[in-house]
Amino acid sequence: MWRTIDLVLRIIYVVVAPLVLVICAAIFPITGLLVSAAIATLVAMFGAERWRARVKDIPILGRVLGGMSKLGEFYNTHPAKPLVYYIFYPVLLPVILFMRVPRREFLLYRKLGALALVIIVGTSTWDYLHHWRPELPFALFLTSVIVGFIFQLLITFSMIMPLVTTFVILNQRHLRKTTWAVFVVAVLSGALGAYGAHKQHGMSINTWMRLKTRSDFAAVQLRDCLAEHNDPKTCGSENRGTMAVGRALFAGCDVLHRSPEDVDNALTVARTALEDFYKPDEAAEFRFYYGEGVCVIYVQFGRDPALWLGRDAAHAFHDPAKLPAAAHKLLKL
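Taking this note's numbering, the leading residue of the sequence shown gets 7, the next gets one more, and so forth.
Here is the structure:
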C-alpha cells in the first residue's frame, strides 16, 4: 500500500515540478539545471543499457553522456528511497555524506552538477562580456554566479532527484505506457509554466541586480556632485543615468499626453533613450504610469519599491507626495 501511495505522490510531483522549474527559470538563471534535468530524466526513462547504446556513437559527448547511465545501474541494485526523502534531501545532506550507500548516490549526481557548472560558466562568461563589463564590479557578478550555482544545487537535490527516481521506478516496474503518459504530461506542464512566465513578464534577478546597481551608481555620482558643486542643472546634465531617465520620461510622456492609449509607442521611444545608459534588456523592464495629471516612468522587482521619476504639467519630480494614490500603490511606496 505504501509503495502505491508513494508512486501516486511521485506522479503528482513529476507533473507539478516542471511547471515550478520553468517559472523559476524566468527569475533565476538555471539553464544548466534544466539541461541536466532533461538528460537525467531521459536516462531514467530509457534505462542504463538502452541509454548507453543510444549515446555511445555521439562524437565527443558520447562518453560523458554514457557515463550518466551509472544512475540507472545504481538504482538497479539500490532501490530508490520514498519521495519525501528526496524532497528533504538538502536538510538530510550533512548526515547522508557519512553513510556509504547514500553517499554513492549523491556522488553519482556530480556529473549533472558538472554539466550544469560548464553551462553556467559558458553562459555567465557571455553575460559578463555583454551585460556587466566594464561598468559594473566583477565582485558583484561573481557573487551572483556563486549564489546561482548554490541555488541550482539545492534544486537538483529537492526537485531533480525526485524526477529521476520516479522515472526509474516506473521503468523498473515496466510501466511503459504510464511512463510515457507521465512524461508527456510533465512536458505539457513545463510548457504551461513557460507560457505563464512569458505572460507575467517576470524580470530575472540578474537583470534586476545589474539595473539597480547602475541606477545606484548614477544616484551616488549625482549626490556627490551636488555635495561638491551645489549646481543641480550642471550635475544633472553631466550624469548619464539622470539624463537617460529624464529623456526617456519626457519622450514617453509626450506620446502619452497626445495619445494616452499608445503605451507601446511611449515605451519604444523611452527605451531608446534609456539605452544611452542601461543595457537593452534592462531598458526593456521600464514601464509607465499615466493618470491624474501625472506621468511616471518606473521599474520594479517583486515587492521592492520601484525606481521611478515623475512628471507633472510643469517639470520632473521625485517627491512621493506629488504622486496620486494609485501611483503610490503601484510603485509600492
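Even for Gly, the Cβ is constructed at its ideal location relative to N, Cα and C. This one's a predicted model, so the numbers in the text were calculated from it and none came from an experiment.
query: Would you decide whether residue 201 is buried or exposed? Buried here means 16 or more other CB atoms lie within 10 Å of its CB.; result: exposed
query: Determine the DSSP secondary structure at residue 304, reduced to helix, strand or coil.; result: strand
query: Closer than 8 Å is the cut-off here; do at least three beta carbon pairs connect the stretch 283 to 295 with the stretch 238 to 252?; result: yes
query: Between the Cα of residue 107 and the Cα atoms of 80, 98 and 100, which residue gives the shortest distance?; result: 80
query: Expressed to the nearest angstrom, what Euclidean distance is found between the alpha-carbon atoms of residue 252 and residue 315?; result: 8 Å
query: Does residue 295 come out as helix, strand or coil in the three-state DSSP assignment?; result: strand
query: If we ignore side chains and look at the alpha-carbon of each, how far apart do residue 333 and residue 307 end up?; result: 16 Å
query: Determine the closest residue to residue 43 out of 329, 172 and 131, with distance taken between C-alpha atoms.; result: 172
query: Let me confirm a value: residue 268 is counted as buried when at least 16 other C-beta atoms fall within 10 Å, else exposed. Which label applies?; result: exposed
query: Let me know if residue 111 comes out buried or exposed under the rule of 16 or more other beta-carbons within 10 Å of its beta-carbon.; result: buried
query: Taking C-alpha atoms, which residue in 100, 13, 27 and 227 lies nearest to residue 88?; result: 13
query: From which residue to which residue does the beta strand (DSSP E) around residue 214 run?; result: First-last for residue 214: 211 to 235, but that is the alpha helix (DSSP H), not the beta strand (DSSP E).
query: Does DSSP put residue 319 in a helix, a strand or coil?; result: coil
query: By DSSP's criteria, residue 314 is part of a beta bridge. Which residues make up the other side?; result: 304
query: Contact between the stretch 147 to 166 and the stretch 84 to 98 is defined here as three or more beta-carbon pairs at a separation below 8 Å; is this criterion met?; result: yes
query: Starting from residue 114, follow the alpha helix (DSSP H) in both directions and report where the run begins and ends.; result: 106 to 114
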